[in-house]
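One structure is given below, encoded as structure tokens.
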Amino acid sequence: MPTLFDPVRAGDLQLANRIVMAPLTRNRSPRAVPQDISATYYAQRASAGLLITEATAISHQGQGYADVPGLYAQDQLQGWKRVTDAVHANGGKIVTQLWHVGRVSHNELQPDGGAPVAPSAIVAKTKTVLIHDGVPTFVETSMPRALALDELPGIVDDYRRAAQAAVHQAGFDGVEIHGANGYLLDQFLKTGSNQRSDAYGGSIENRARLLLEVTRAVAEAAGAGRTGIRLSPVTPANDASDADPQPLFEYVLRQLATLGLAYVHIIEGATGGPREIPERPFDYAALKAAYRDAGGQGAWMVNNGYDKVLAEKALAEGADLVAFGKPFISNPDLVRRLREDAPLNAWDKNTFYGGGAKGFIDYPALA
Ligand code: 8OZ
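Counted the way my numbering counts, the sequence shown spans residues 264 to 630.
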């Protein structure tokens, strides 16, 4: 039986262990450019089998929060190159998370102050963060406009371009498509946010169309064996909801199975919250079976509220990788601490989003 500390392959990526640093939004990239403290932060955590960066906008339109990084301008890619060089110097592997927020944005963050874009003109009952005079404030997201049918190829192109630049310019080992947490691709998937009557709305096949087109384009640009995807079937994050998620996600996984991806990354339950949601039951074993039955050979990555005991149970039940989030914020040497059953540093919620070095690169490693 493999342990968390045994190596594993995920597509083209040979990983030193099965412990993954989950994507974690930290809002420390002014003008969307990763700074030197981000290189230090990720390099400190390079003993993870795989680092997934914080969600990173593929386009200005894909931005939804203050001071999150991007992949759509040269200075952003150069900032990321310093990050990937620092991680590689410490022997780590790092992929970036490709992000389009869709309706989870604010006019102030959009090109020319325009409306955020979405499958349908339905506002998300959620908040985003703006920073005014250095002070982060939570604000309601803005009313979005529905994307026209002829704008969708441009969105696929933005993903393709970002994936290409991430691997070929910024030095990433691969990319993860952010298909979770109520952002653009999840908005298209789910009935609560998608009321389109064209080829991208209505049936499961139609609602999954954009996500699958994006995944094929990204896999072509980055290499399928260097592409992963993150999904959250039942999370209520950012007002996500679907009338019948089990058949929707089993369809998506059967389609993804044919693409030769490096891994599939599943958030179980409510993102960063309860692993079970009584009013939103979901059978994750059936989801994995659908993927494997359809020939999917990517690594199966699970996430949400894992500790060592639960993670080893997941491996015993057939998961290949376990992503840890908040424990990695406060424990740069999480892998060693888990191996040695050493105590974990507590995290400080007040420094999750925004600010500088404090709460970012100053959590101590074991001596
Ligand atoms: C926390 C704050 C802002 C964004 C996600 C990218 O939930 C995020 C996010 C998390 O996937």
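Built from N, CA and C at the ideal position, the CB exists for glycine as well. Please read all numbers here as calculations on a predicted model, not as lab measurements.
The residue among Q518, D507, M564 and S495 with its C-alpha nearest the C-alpha of G536 is S495. Boundaries cannot be given for Q324, as no beta strand (DSSP E) includes it and DSSP labels it neither H nor E.
Remark: C-beta atoms of V497 and P508 approach each other more closely than 7 angstroms. Cβ-Cβ separation between V367 and G445: approximately 6 angstroms, consistent with a contact (criterion under 8 angstroms). The straight-line gap separating the alpha-carbon atoms of V296 and T400 is approximately 20 angstroms.
Take the alpha-carbon of Q560 and the one of L524: they are about 8 angstroms apart. Closer than 6 angstroms to some heavy atom of the ligand 8OZ: that describes the Cβ of T288.
When secondary structure is reduced to three states using DSSP, E580 falls in the coil class, being assigned neither helix nor strand.
Going by C-alpha positions, Y305 is about 8 angstroms away from A349. The beta-bridge partner set that DSSP reports for F587 consists of M284. Between D596 and A628 the beta-carbon gap is near 4 angstroms, inside 8 angstroms, which marks them as a contact.
Non-local C-beta neighbours of D330 in its own chain, meaning closer than 7 angstroms and more than five positions away in sequence, comprise N290, R291, S292, P293, I394 and G617, ordered along the chain. Going by beta carbons, T288 and E317 fall inside the 7 angstroms limit. Counting every other CB atom within 10 Å of its CB across the protein chains shown gives L519 a total of 16 or more, marking it as buried.
In this structure N353 is exposed. Its beta-carbon is surrounded by fewer than 16 other beta-carbon atoms within 10 angstroms. DSSP places P416 in no beta strand (DSSP E) but in the uninterrupted alpha helix (DSSP H) bounded by L415 to H431. With a cutoff of 6 angstroms, A318 counts as near the ligand 8OZ, since its C-beta is closer than that to a heavy atom of the ligand.
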